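To start, the structure under review is shown below, and the notes come after it.
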Amino acid sequence: MSKPRKLSLHRQLLIWLLAPQLLLWLAAAFVSYSVALRYADEVIDRSLVQSSRALARQVKPLGEGLYIDFPRAAREILEEDPSDRLYYMVSTPPGEFILGEKDIPPTPRELAREVGKPYFYDGVLRGRVVRVAALYLRIGTEERPQTMLVQVAKSTALRTQLQRDILIDTALPLALLLVLTSVLVWAGISRGLSPLRHLRRLVEKHSPRELSALEVENAPAEVRALARAINSLLEEVHGQVAAQRRFIADAAHQLRTPLAGLKSQSELVRGELNQTEPDRAALLQRLAQIETSVARAIRLVNQLLALARAEPDAALPLAPLDLVRLAREVTMEAVPRALARQIDLGLDDAPAKLLISGHDGLLRELLGNLIDNAIQYCPAGSEIGVRVVDEGAHAVLAVYDNGPGIAEAERGRVFERFYRGAMEGQGKGCGLGLAIVQEIARRHHAQVLLQDNPPHGLRVVVRFRLT
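1 is the number of the first residue of the sequence shown in the UniProt record's numbering; add one for each residue after it.
Written out as structure tokens, the structure reads:
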């Protein structure tokens, strides 16, 4: 099942900028239309009230009856426009017709009956929806008061047309403004993203073998920050590629030495075997040298594999482990190698238990390399100690010896791969042990320190943060 395509940054910006504008446009159109419609309704209702009051003034009490002064010319003016005709009715008491249109919709029952106050409602007159204004008036004398109802109605067709015109006159300019704003926003986004497109073209032009920095000095600050991050990554990748090339070259060189020795020794053995009476002692010596070359090659390969495992190429699964137990087990495993070189190896008194968060296999490799380095470079009769100390916030793992030590000037370089410095020729190592220790310590966010071990010798301290 294919994953849905992600929207481009251009489209996302366009949506996020135009969607609020569309909502604001709809809200503005609705508010403008509602306000204009309310004022239009007020104008129409006011005209109906004025007509009802004018009509009421034409009805005057006369004795016990009413005098209606409503000339025909006035009625013709009211009824002149059939599409916008004004209907009226006068009744007194309310409901008793005396003048106008009998079909005018009656006032709703829930409507109040306050004298002198106009009321408005909608109704249907001869199949047409009309707006009606009803006005109750007091007539007659104090002895014989009467109530008169004047109703004036007008078709809502004009109001509907007015509503339509208001809607068009309100929405059309806003729609044109929205379209213009959309075009300007689209153009602005396109121009704003042009530095990113330029940066993309620069990256696409880069060859995998060319890791030079990207030049975007005239770009906006945000793009320059992104370019600086990319340049930093390119610089780091360039450094790693260069380091890998040096590593491969050094590894090839280091492997060439034991393999070349192995080849030469095997040729000498073949020569001895071709003799009529081979020298057994010479053969054993050649075989011992072959064994030494093979052991050195195996050790080099194992250290290369350990260094590859220690590289930070993936998340390291950490788990709680007992550093004291690990130190005890690794030290016991190294005792036979130390005894073979007449070296005294031991573990100092340590806490019963000291838990840290780490990777068991890599930490065993770390301590094993520290012990092996000490065994390789210490002369016979030396002493090597392993110590585990709880310092409260840190757990300290230390390996110390009374061997030749490392000069202060070289301590900054001994963590480089294949670097042996003044120790060249003093042991069978290949210069990878401390590099492996450094990489494993980094993976555990630990610190590696090289210190003097008075009166002479070296102390390697690894400090772990306790969780």
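In this text, a Cβ means the ideal position worked out from N, Cα and C, and glycines have one as well.
Quick caveat: nothing in here was measured; it's all calculated off a predicted structure.
Residue i by DSSP, collapsed to three states: which one?
{"i": "Gln50", "result": "helix"}
{"i": "Ile168", "result": "helix"}
{"i": "Gly346", "result": "strand"}
{"i": "Lys6", "result": "coil"}
{"i": "Ile371", "result": "helix"}
{"i": "Ala407", "result": "coil"}
{"i": "Leu321", "result": "strand"}
{"i": "Tyr33", "result": "helix"}
{"i": "Leu456", "result": "The question names Leu, but residue 456 is His in the sequence shown. Coil, per DSSP."}
{"i": "Ile77", "result": "With a pLDDT of 49 at Ile77, under the threshold of 50, the modelled position of that residue is not reliable, and the figure given next carries that caveat. Here Ile77 sits in helix by DSSP."}
{"i": "Pro195", "result": "helix"}
{"i": "Tyr419", "result": "coil"}
{"i": "Arg463", "result": "strand"}
{"i": "Thr147", "result": "strand"}
{"i": "Gly100", "result": "strand"}
{"i": "Gly239", "result": "helix"}
{"i": "Ser212", "result": "coil"}
{"i": "Asp41", "result": "helix"}
{"i": "Leu111", "result": "coil"}
{"i": "Gln12", "result": "helix"}
How big is the Cα-Cα spacing for residue i and residue j?
{"i": "His238", "j": "Glu222", "result": "24 Å"}
{"i": "His456", "j": "Ala380", "result": "15 Å"}
{"i": "Val330", "j": "Leu367", "result": "7 Å"}
{"i": "Val185", "j": "Ala29", "result": "21 Å"}
{"i": "Ser34", "j": "Leu172", "result": "16 Å"}
{"i": "Leu199", "j": "Gly188", "result": "18 Å"}
{"i": "Leu449", "j": "Arg463", "result": "8 Å"}
{"i": "Glu383", "j": "Pro351", "result": "22 Å"}
{"i": "Ile440", "j": "Gly412", "result": "17 Å"}
{"i": "Ser8", "j": "Gln244", "result": "37 Å"}
{"i": "Ala40", "j": "Leu162", "result": "8 Å"}
{"i": "Phe120", "j": "Gly192", "result": "57 Å"}
{"i": "Lys154", "j": "Leu180", "result": "41 Å"}
{"i": "Ile98", "j": "Arg109", "result": "21 Å"}
{"i": "Ala340", "j": "Gly385", "result": "17 Å"}
{"i": "Gln50", "j": "Arg11", "result": "57 Å"}
{"i": "Leu234", "j": "Leu23", "result": "44 Å"}
{"i": "Ile15", "j": "Ala227", "result": "26 Å"}
{"i": "Val124", "j": "Arg144", "result": "35 Å"}
{"i": "Ile168", "j": "Arg46", "result": "24 Å"}
{"i": "Gly127", "j": "Arg159", "result": "17 Å"}
{"i": "Ala73", "j": "Val130", "result": "Residue placement at Ala73 cannot be trusted, given a pLDDT of 49 that sits under 50; what the coordinates show is reported in the next sentence. Taking the straight line from one Cα to the other gives about 24 Å."}
{"i": "Glu391", "j": "Leu397", "result": "11 Å"}
{"i": "Gly271", "j": "Glu236", "result": "52 Å"}
{"i": "Val241", "j": "Gly346", "result": "41 Å"}
{"i": "Val31", "j": "Lys117", "result": "29 Å"}
{"i": "His206", "j": "Ser194", "result": "19 Å"}
{"i": "residue 474", "j": "Leu174", "result": "There is no way to answer for residue 474, as the model of the chain reaches only from 1 to 467."}
{"i": "Lys6", "j": "Thr170", "result": "37 Å"}
{"i": "Arg328", "j": "Arg387", "result": "10 Å"}
In chain order, what residues of the same chain lie with their CB nearer than 7 Å to the CB of residue i, ignoring the 5 residues before and after it?
{"i": "Gly427", "result": "In this prediction, Gly427 has a pLDDT of 45, which is less than 50 and means its spatial position is unreliable; what the coordinates show is noted afterwards. So the qualifying residues of the chain are Gln376, Tyr377."}
{"i": "Leu370", "result": "Val399, Val437, Val460"}
{"i": "Ser182", "result": "Leu18"}
{"i": "Ile166", "result": "Tyr33, Ala36, Leu37, Ala40"}
Measuring alpha carbon to alpha carbon, tell me which of the options ends up nearest residue i.
{"i": "Leu323", "options": "Gln342, Val389, Ile406", "result": "Val389"}
{"i": "Leu177", "options": "Ala409, Gln21, Val399", "result": "Gln21"}
{"i": "Ile436", "options": "Glu365, Arg131, Pro336", "result": "Glu365"}
{"i": "Arg286", "options": "Leu262, Trp16, Gly385, Arg337", "result": "Leu262"}
{"i": "Asp452", "options": "Gly405, Arg443, Leu14, Arg413", "result": "Gly405"}
{"i": "Glu267", "options": "Arg280, Ala281, Leu158, Ile290", "result": "Ile290"}
{"i": "Gly100", "options": "Tyr88, Leu111, Arg109, Ala27", "result": "Tyr88"}
{"i": "Ala374", "options": "Glu391, Asp344, Leu273, Pro118", "result": "Asp344"}
{"i": "residue 518", "options": "Glu416, Arg46, Ala393", "result": "Outside the modelled stretch of the chain, which goes from 1 to 467, sits residue 518, for which no answer is possible."}
{"i": "Ile298", "options": "Arg280, Leu259, Met332, Asp279", "result": "Leu259"}
{"i": "Gln58", "options": "Val90, Val43, Ile44", "result": "Val90"}
{"i": "Ser190", "options": "Leu13, Tyr419, Val414", "result": "Leu13"}
{"i": "Ile44", "options": "Ile104, Lys6, Gly346, Asp122", "result": "Asp122"}
Can you tell me the Cβ-Cβ gap for residue i and residue j, rounded? I've got them flagged as a contact below 8 Å.
{"i": "Leu135", "j": "Arg53", "result": "7 Å"}
{"i": "Ala213", "j": "Asn231", "result": "4 Å"}
{"i": "Val150", "j": "Leu86", "result": "The pair is not a contact, with the Cβ atoms about 12 Å apart (cut-off 8 Å)."}
{"i": "Gln146", "j": "Thr92", "result": "6 Å"}
{"i": "Ile321", "j": "Gly358", "result": "It is worth fixing the name first, because residue 321 is Leu in this sequence and not Ile. 6 Å between Cβ atoms; contact."}
{"i": "Val152", "j": "Leu137", "result": "Between Leu137 and Val152 the Cβ distance is about 13 Å, and since that is not below 8 Å, they are no contact."}
{"i": "Gly433", "j": "Asp348", "result": "Not confirmed; about 21 Å, so no contact."}
{"i": "Leu48", "j": "Ala133", "result": "4 Å"}
{"i": "Leu458", "j": "Gly403", "result": "7 Å"}
{"i": "Val269", "j": "Leu284", "result": "10 Å between Cβ atoms; not a contact."}
By Cβ distance below 6 Å, which residues in the same chain neighbour residue i in space, the five residues on each side in sequence not counted?
{"i": "Ala395", "result": "Leu323, Leu354, Ile356, Phe464, Leu466"}
{"i": "Leu111", "result": "Tyr119"}
To which residues of the same chain is residue i closer than 8 Å at the C-beta, ignoring the five residues directly before and after it?
{"i": "Glu217", "result": "Arg224"}
{"i": "Lys102", "result": "Met89"}
{"i": "Leu326", "result": "Asp360, Leu363, Arg364, Leu367"}
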